[in-house]
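The structure under discussion appears below in the form of structure tokens.
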Amino acid sequence: MEEKVITETREAVSMPRLGEPAPAFEAVTTQGTVRLEDFKGSWLILFSHPADFTPVCTTEFMGFAEIHPELKKREAELLGLSVDSVSSHIAWVRNIEEKMGVKIPFPVIADLDKNVATLYGMIHPGESKTETSRCVFVIDPEGILRAMIYYPLTTGRNMQEILRLIDALQTTDKHKVATPANWEPGEAVIVPPPNTQEMAEERLKEGYECKDWYFCKKKL
Amino acid sequence: MACINPDGTLTASAKAILSALSSPAALEKVAKSTDLPLFRIRSSIREMLEAGLVEKEEGKYAATKLGREKIEGGKDDQVKTDL
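This is how it looks when you write it as structure tokens:
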């Protein structure tokens, strides 16, 4: 009896990592050719969607357009992406404005060669071999990747969570603190835990709101 | 190209950027005066440098003679485009 050998080949998928420089790229967008370095000095929210002219993506684009003014206040820019042509993107954003009354103010990458999608691990073949999943990459003004969110094709993202995430990261940078679960701006933040026994003993005397030496909060 | 239309004329944003560069200026200042995001300014300046509309002088940017002619006299047919 002939023995069957089953071989499976899997493409190595590159995935960016938190705390490291975000992968550099140059890409054609609805607002011209941009490079990652063009966003230096601003926060950047690079996000992908599966395809133009699809309903969940349309609701998300309207959502991103809605939070765009709030992001601008936080010195954060938006940059969309999908594996579609720039003509398709232009037709879609014009359609959203015409049918939904929402102007899309941010550029959208036409990633037909999947260059950026591959660099950022946006294609998850278990979901789709051709479409990008709903990914969000938060890149800080120095070009460091600070946060990632991955949602499946079926589930639209929460825009308020993206705003909350930017607020949390900016608060962390400004005040050298961490933020607890469900934190919202104005609420108490977490004081980083002490690193030494001496610091732990002193921590409870420092006037913070403490449950124990490792769990202290403060108001900003 | 985002700054130059296929017929060689300049886009509205390109004209605004070139006008802001009538005297040498830093890109941050151009972004403020045109109310365009800095990434758009950087991207557009790159294209306009290639097209000979803008030049860099001591860390600042300024419209070239051709660039000034484009915004003053509307010499829109002289910019090379890649179609």
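Chains A and B, in that order, are what the protein sequence lines are.
Per our numbering, the very first residue in the first sequence carries number 3; after that it's consecutive.
Per our numbering, the very first residue in the second sequence carries number 13; after that it's consecutive.
Ideal placement from N, C-alpha and C gives every residue a C-beta, glycine not left out.
Practice prompt. Taking only beta carbons into account, state which residues of the region 37-51 of chain A come closer than 7 Å to chain B, listed in chain order.
Written response: If the cut-off is 7 Å between Cβ atoms, the region 37-51 of chain A has 40, 41, 43 and 44 near chain B.
Practice prompt. Tell me where the beta strand (DSSP E) around residue 83 of chain A begins and ends.
Written response: Residue range 78-84 is occupied by the beta strand (DSSP E) that includes residue 83 of chain A.
Worksheet item: Would you say the region 17-31 of chain B touches the region 51-65 of chain B, given that touching needs at least three Cβ pairs under 8 Å?
Response: yes
Discussion item. List, in chain order, every chain B residue whose beta-carbon is nearer than 9 Å to that of residue 1 of chain A.
Written reply: One cannot answer for residue 1 of chain A here, as it falls past the ends of chain A, which runs 3 to 222.
Discussion item. Restricting to Cα atoms, I'd like to know which of B:62, B:39 and B:18 is closest to residue 43 of chain A.
Written reply: Considering only alpha carbons, the answer is B:39.
Fill in: residue 79 of chain A: contacting residues in chain B (beta-carbon distance under 8 Å)
Residues of chain B whose Cβ lies closer than 8 Å to the Cβ of residue 79 of chain A are, in chain order, 49 and 51.
Practice prompt. Just list the beta strand (DSSP E) runs in the region 22-105 of chain A, keeping only unbroken ones of 3 residues or longer that don't cross its boundaries, in chain order.
Written response: 28-31, 34-37, 45-50 and 78-84
Worksheet item: So does the region 107-122 of chain A actually touch the region 25-39 of chain A, counting three or more Cβ pairs closer than 8 Å?
Response: yes
Practice prompt. Could you tell me which residues DSSP pairs with residue 138 of chain A in its beta bridges?
Written response: A:49 and A:151
Discussion item. Below 8 Å, how does it come out for the region 132-150 of chain A and the region 46-58 of chain A: are there three or more Cβ pairs, yes or no?
Written reply: At 8 Å Cβ cutoff, the stretches touch.
Item to complete: Would you grab the beta carbon distance between residue 31 of chain A and residue 143 of chain A for me? Rounded to a whole angstrom, and I think it's under 8 Å.
Response: Not confirmed; about 20 Å, so no contact.
Discussion item. Measuring only the C-alpha atoms, how far is residue 278 of chain A from residue 58 of chain A?
Written reply: No answer is possible for residue 278 of chain A: it lies beyond the span of chain A, which begins at 3 and ends at 222.
Worksheet item: From which residue to which residue does the beta strand (DSSP E) around residue 74 of chain B run?
Response: 72-75
Item to complete: Going by DSSP, name the residue or residues bridged to residue 214 of chain A.
Response: A:217
Worksheet item: Apart from the five residues just before and just after residue 72 of chain B, which ones in its own chain have a Cβ nearer than 7 Å to its Cβ?
Response: 36, 37 and 38
Worksheet item: Which residues does DSSP pair with residue 14 of chain B in a beta bridge?
Response: Answer is none; residue 14 of chain B lacks a bridge partner.
Practice prompt. Report yes if the C-beta distance between residue 25 of chain B and residue 74 of chain B is below 9 Å; otherwise report no.
Written response: no
Fill in: Backbone secondary structure at residue 170 of chain A - three-state DSSP
It is helical.
Worksheet entry | Pairwise C-alpha distance: residue 210 of chain A and residue 50 of chain B | 41 Å
Item to complete: Report the rounded CA-to-CA distance for residue 205 of chain A versus residue 185 of chain A, giving the unit in angstroms.
Response: 22 Å
Worksheet item: The alpha helix (DSSP H) with residue 41 of chain B in it runs from where to where?
Response: Secondary structure note for residue 41 of chain B: its alpha helix (DSSP H) is the uninterrupted segment 39-46.
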